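There are 2 protein chains.
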Amino acid sequence: MGNKIVIIGGAALGPKTAARVRRRDPDAEITIIERNDVYSYASCGTPFYIEGLIQDHKTLLRNNLGQIRDETFFKSQKDVKIYGRTEAIKINRAWRTVTVKDLDKGWIYDIPYNKLVLGMGASPVQPSIEGINLKGVHRLHTISDAISIKNAVNDGAEKIVIVGAGLIGMELCGAFPKASSITIIEMMNFVMPNLLDPEFSLLLQNYLKTKNIQVILGTKVQKILGKDGKVIGLETSNGVSYPADLIIIAVGVRPNTSLATEAGLDIGVTKAIKVNEFMQTNDPDIYAGGDCVENTHLLINKKVYIPLGSTANKHGRVIGDNITGGSTKFPGILGTTVFKVAEFNAGKTGLSEEEAKKEGFTPVSAIAPRTDISDYYPGAKMFILKLIADKASKKILGAQVIGAGEGIKRLDVIATILSCSGTVDDVANLDLGYAPPYSTAIDAVIHAANIIRNKIEGLANGITANELWQKIQSMDDFIILDVRTVSEIKNQPFIDNRLQHIPLEELRYRLREVNKNKEIFTICKTSVRAYEAERILRGAGYNKVKFLDGSLTAWPYQIN
Amino acid sequence: MGNKIVIIGGAALGPKTAARVRRRDPDAEITIIERNDVYSYASCGTPFYIEGLIQDHKTLLRNNLGQIRDETFFKSQKDVKIYGRTEAIKINRAWRTVTVKDLDKGWIYDIPYNKLVLGMGASPVQPSIEGINLKGVHRLHTISDAISIKNAVNDGAEKIVIVGAGLIGMELCGAFPKASSITIIEMMNFVMPNLLDPEFSLLLQNYLKTKNIQVILGTKVQKILGKDGKVIGLETSNGVSYPADLIIIAVGVRPNTSLATEAGLDIGVTKAIKVNEFMQTNDPDIYAGGDCVENTHLLINKKVYIPLGSTANKHGRVIGDNITGGSTKFPGILGTTVFKVAEFNAGKTGLSEEEAKKEGFTPVSAIAPRTDISDYYPGAKMFILKLIADKASKKILGAQVIGAGEGIKRLDVIATILSCSGTVDDVANLDLGYAPPYSTAIDAVIHAANIIRNKIEGLANGITANELWQKIQSMDDFIILDVRTVSEIKNQPFIDNRLQHIPLEELRYRLREVNKNKEIFTICKTSVRAYEAERILRGAGYNKVKFLDGSLTAWPYQIN
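Protein chains in written order, with this note's numbering: chain A, 22 to 581; chain B, 22 to 581.
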């Protein structure tokens with residue numbers, strides 16, 4: 022008889038584990054237990070199905086050959102038995118069985134295992150708000166959730182309210198191209214509050230506004246308003262009402278851990294299932310992975326709960342190895358998270374600057390607006406890269422990107438450097454592929470690393486947008502030196518009565534016009550010229566000069 | 022008086038060095054000597070100007086604000102003096118002067134230096150072929166070369182012959198959308214012979230054929246044929262004639278070293294200027310960088326000559342530091358080279374499999390055809406990644422990509438891993454950004470790393486396209502087991518009388534049809550199913566089974 026492998030959950034971790042086990046052990050008896058009747062589906066694709074980019078929801082159930090991954094598929098291609106519409110209701114560790122319930126027939130029976138794999142995933146948090154069960158209130162977790170939302174849109178829903186400005190909320194912002202109104206409500210003071218640093222959150226928020234999306238921050242939902250059992254709006258904690266015919270609650274997910282808890286398995290500090298580096302629980306015959314477990318953050322060596330499909334796939338391979346006699350470790354994650362918001366690409370890897378400070382680092386950051394490919398090549402688009410390093414060790418700590426340009430793959434380079442504990446010098450020396458259709462001769466990541474090197478050497482002295490904004494709002498006397506060209510200023514004036522304008526090409530000849538005794542903050546479009554101006558002024562003996570990090574491209578406040 | 026910095030060459034290395042020096046030393050006297058009258062221009066953009074993607078050649082001379090980088094620009098923005106149309110004719114090390122000649126006025130005079138920087142670049146190799154000076158024979162090195170070619174096209178040239186299938190030759194393949202014929206002639210037996218492994222060269226060659234480009238390999242040009250002083254064609258060493266009204270000679274470049282040689286500076290094994298890790302020649306006051314120097318290849322610790330604009334920019338920063346009191350090292354390069362051929366993206370980083378063997382490694386490779394983004398997301402395109410690792414150490418040695426899909430940024434990830442001496446396990450565990458618009462849940466680089474891990478573990482047993490092709494051409498008896506679906510086979514049949522067809526989903530039930538005594542080679546579209554089939558067969562006791570690496574997507578030979 023073969024090794025009896027039982028897997029609870031058929032979404033991502035389960036099927037991947039099963040496939041890996043089968044490749045290593047032709048004789049294993051592999052069983053997947055799944056509550057629903059769809060398996061191994063592309064749940065990350067649901068926002069794009071709602072948007073209409075993917076016409077048929079079945080596309081998300083199919084592999085790239087058009088085959089639906091159903092019970093027959095798993096049986097014939099992987100020799101894996103799937104019990105669909107079957108819920109695991111109890112793990113009996115002493116007997117090594119799982120008690121399951123057939124949800125259609127009501128039968129309850131036990132399935133024996135030698136090795137058990139927990140891949141129960143996570144569930145969306147369902148806040149207890151009055152009216153949450155009204156028709157028209159949705160969540161987005163499964164394909165059937167997506168179908169419900171899509172049907173509501175097809176039935177005429179056009180006043181959309183999204184509760185929660187996290188990952189799902191952001192991806193949904195672009196999913197309703199025909200809506201008459203889209204409002205997003207977030208309890209915290211920023212969009213993507215746990216991911217991006219404040220200035221990047223503000224840039225994202227500004228972008229949402231340009232897409233006619235109303236962003237309400239620092240506000241809780243009080244109750245959902247209905248009429249005849251159907252949603253008509255929503256009232257916030259500060260008493261404001263927003264009309265709505267479609268509300269999506271996207272306030273995060275929680276790991277499904279009740280089965281594990283009841284079986285006496287250890288739960289971690291993040292409230293997800295605790296596993297060792299072999300993805301093994303405290304019961305040596307029980308492994309767990311995917312959205313129901315916590316991960317080790319490689320940079321801070323702490324447990325974090327960051328559920329992602331790409332991580333689940335890696336877990337599945339590791340578990341598949343280890344329950345078939347292998348000994349494979351999963352080192353951990355960097356929290357790399359990327360998302361598309363309408364036409365903007367955004368994301369983060371490693372630590373944010375705020376997180377870095379909390380962890381005791383002294384971060385130095387660079388904000389580099391840059392075109393994604395050579396600026397003269399057709400289709401070049403701007404994006405902004407923020408790179409963060411530790412001042413003492415020069416080690417890279419993290420990066421964030423935002424913008425229309427291709428920034429996501431730059432994060433991959435930084436994620437790779439983070440995996441290797443690389444420094445800013447390592448990044449600056451990377452031999453990245455350069456040709457005009459793919460990058461600039463000095464790619465954004467190298468440019469950003471050089472800015473940090475300049476800052477650490479004392480050559481570049483930056484002021485952040487927030488710091489300058491605070492100054493502007495004060496009554497202090499200082500100079501904002503705008504070194505852009507006359508036509509740039511005409512198109513996008515920066516208005517403040519402390520502003521002085523000298524185009525960079527004239528600065529060397531007009532130094533006498535600049536007061537040496539005042540603090541000077543140089544600004545331009547991308548900060549390249551503002552930095553050059555800082556160098557010119559410091560070279561001429563001006564000691565109180567700083568350039569605006571990222572300058573106006575990364576400026577998230579009002580400018581006029 | 023300030024530090025006198027004299028820089029020979031104003032293309033890429035020179036201006037970058039000058040800018041860096043100025044930022045670090047406001048008092049330095051910086052002088053650039055340049056033969057031509059254009060500076061700091063985007064020579065990498067010339068193929069796209071010829072193609073018509075960039076309308077005005079001046080775009081390549083301008084910065085992103087539309088400012089032409091001329092003498093006035095350098096003077097006002099950088100306080101750098103440029104002597105244009107001035108040729109450096111002698112370096113007098115004893116007196117620390119450079120003798121220069123004003124090419125317009127004929128004046129010859131000496132310019133003193135404290136530190137001298139050599140950035141003379143490279144020149145295209147001009148073979149001594151009969152007819153090479155005929156009107157209509159071009160090279161592509163400068164913007165004026167590009168203008169000449171563009172003018173010839175505008176004047177009706179339409180029968181294009183490109184001599185040399187290297188980087189410039191490849192980029193030019195897409196530059197003549199209205200040509201009536203395009204022929205590329207290469208002395209070696211492969212396109213991009215020194216960059217790609219043979220099977221990737223063949224794939225690129227096949228692609229060129231689909232674009233109606235005639236590829237003539239293993240053939241030298243005997244003479245260029247003319248009439249009335251104008252080119253009319255070309256004759257090869259095997260006596261074949263090709264009509265042509267525009268010929269571009271693109272047989273590589275050679276570093277400009279005569280000034281250095283005459284001054285007694287050391288020349289390296291690659292015939293380029295030899296520098297240490299500070300970019301310093303054997304004269305401590307003379308530095309060199311850009312296309313006239315050789316670099317250290319980081320993987321093999323040998324000198325190589327790989328001139329690239331991105332490297333020149335890095336050199337410039339390092340030299341700028343070191344001639345102003347700094348101590349910055351340039352560690353070396355990985356030979357990362359990327360290029361666009363019509364709609365295909367292609368490139369390489371690190372070592373090819375052939376190079377790895379020559380260097381004494383025992384390479385294990387994976388060929389992974391994969392979509393660049395989730396296959397269900399609109400716009401997903403296929404590309405093929407080849408990843409190479411050392412069997413003993415599991416260290417990554419290199420990678421190559423080719424295809425319509427975005428593969429270039431995957432090379433950047435591998436280049437980053439190479440910089441950190443990472444292993445296949447490191448790559449497999451990378452926390453890369455995943456969302457459907459950006460990648461597959463298991464990205465191509467991770468997928469490829471897993472294939473190599475499977476091969477090293479003995480779980481996956483591959484046969485290369487070339488090995489199978491040799492077998493097919495023999496009289497040997499074996500089975501090619503095609504596990505694709507019926508409709509796939511109908512669309513793209515693989516014809517051989519040793520072929521047997523069993524779709525993967527039926528294989529487990531039809532094992533008795535497969536002869537256990539014969540060698541079996543499994544094939545499918547991307548090798549995912551062929552590998553699965555190998556596992557099924559080996560699980561059933563078949564011991565002589567291998568799957569076709571990369572399967573039919575990466576198959577460069579005839580299939581029917």
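Ideal Cβ positions, reconstructed from N, Cα and C, are used throughout, including at glycine.
Since this is a predicted model, take the numbers as computed values, not measurements.
Within the continuous alpha helix (DSSP H) that includes residue i, where are the two ends?
i              : result
N343 (chain B) : 330 to 343
Y468 (chain B) : The residue you asked about is not Tyr; residue 468 (chain B) is His in the sequence shown. Element bounds for H468 (chain B): 465 to 478.
L569 (chain B) : First-last for L569 (chain B): 566 to 569, but that is the beta strand (DSSP E), not the alpha helix (DSSP H).
E50 (chain A)  : Taken as a continuous stretch (DSSP letters only), E50 (chain A) belongs to no alpha helix (DSSP H), being part of the beta strand (DSSP E) at 50 to 54.
L418 (chain B) : Segment 417 to 424 is the beta strand (DSSP E) holding L418 (chain B); no alpha helix (DSSP H) there.
I71 (chain A)  : 67 to 72
V445 (chain B) : 445 to 449
V549 (chain B) : 549 to 560
Verify the CB distance criterion: does residue i have a CB-CB separation below 9 Å to chain B?
i              : result
V246 (chain A) : According to the sequence provided, residue 246 (chain A) is Leu. The question's Val does not apply to it. For L246 (chain A), the answer is no, since every Cβ of chain B falls outside 9 Å of its Cβ.
G341 (chain A) : no
A271 (chain A) : no
D396 (chain A) : yes
P219 (chain A) : no
Y605 (chain A) : Not covered by the structure: residue 605 (chain A). The range shown for chain A is 22 to 581.
L161 (chain A) : no
F9 (chain A)   : Examination of residue 9 (chain A) is not possible in this model, given that chain A is present from 22 through 581 alone.
G443 (chain A) : yes
S331 (chain A) : yes
Q98 (chain A)  : yes
N366 (chain A) : yes
C313 (chain A) : no
N334 (chain A) : yes
Which two residues bound the contiguous beta strand (DSSP E) that contains residue i?
i              : result
D433 (chain B) : That residue, D433 (chain B), is in no beta strand (DSSP E); its alpha helix (DSSP H) goes 429 to 440.
K37 (chain B)  : Careful: K37 (chain B) lies outside any beta strand (DSSP E), inside the alpha helix (DSSP H) at 34 to 45.
I26 (chain B)  : 25 to 29
Going by beta carbon distance, what residues of the same chain come within less than 8 Å of residue i, once the five residues before and after it are set aside?
i              : result
R529 (chain B) : I557
T278 (chain A) : M141, I288, K292, A293, I294, C313
In chain order, what residues of the same chain have a beta carbon less than 7 Å from the beta carbon of residue i, not counting five sequence neighbours either side?
i              : result
I423 (chain A) : F221, L224, L225, F365, A367, F404, I405
Y263 (chain A) : V182, T204, G254, L255
L155 (chain B) : I245, G247, G250, K251, V252
T574 (chain B) : P390, M403, I405, K546, T547
Who are the near neighbours of residue i in its chain, counting only those whose CB is closer than 6 Å to its CB and skipping five residues on each side?
i              : result
Q235 (chain B) : T204
I307 (chain B) : L137
K102 (chain A) : T52
T78 (chain B)  : Residue identity differs from the one stated: residue 78 (chain B) is His in this sequence, not Thr. Excluding positions up to five away in sequence, the list reads Y70, I164, I168.
G35 (chain B)  : I28, I53, G140
V290 (chain A) : K324
Using a Cβ-Cβ cut-off of 9 Å, state whether residue i counts as contacting chain D.
i             : result
D58 (chain B) : Among the protein chains in the structure shown, which are A and B, there is no chain D.
Would you say residue i faces chain A, with C-beta separation under 9 Å as the test?
i              : result
I557 (chain B) : yes
Q88 (chain B)  : yes
K412 (chain B) : no
N450 (chain B) : yes
4-residue-minimum alpha helix (DSSP H) runs that sit fully inside the region 103 to 180 of chain B, ordered along the chain: 164 to 175
Start-end ranges of the beta strand (DSSP E) lying completely within the region 371 to 415 of chain A, minimum 3 residues: 384 to 392, 403 to 411
Segments of 3+ residues assigned as beta strand (DSSP E) that fall wholly inside the region 490 to 522 of chain B: 500 to 503, 520 to 522
Inside the region 200 to 287 of chain A only - beta strand (DSSP E) runs reaching at least 3 residues: 202 to 206, 234 to 237, 242 to 248, 251 to 257, 262 to 264, 267 to 270, 274 to 276
At least 3 beta-carbon pairs within less than 8 Å: the region 265 to 283 of chain A vs the region 183 to 196 of chain A: yes
The region 428 to 438 of chain A in contact with the region 374 to 381 of chain A per 3-pair CB rule at 8 Å: no
At least three beta-carbon pairs within less than 8 Å, the region 387 to 394 of chain A to the region 327 to 337 of chain A: no
Completely contained alpha helix (DSSP H) runs for the region 286 to 317 of chain A, where each covers 4 or more residues: none
Cβ contact check for the region 535 to 544 of chain B and the region 489 to 504 of chain B: 3 or more pairs under 8 Å: yes
Cβ pair count under 8 Å reaching 3, the region 55 to 75 of chain B against the region 94 to 111 of chain B: yes
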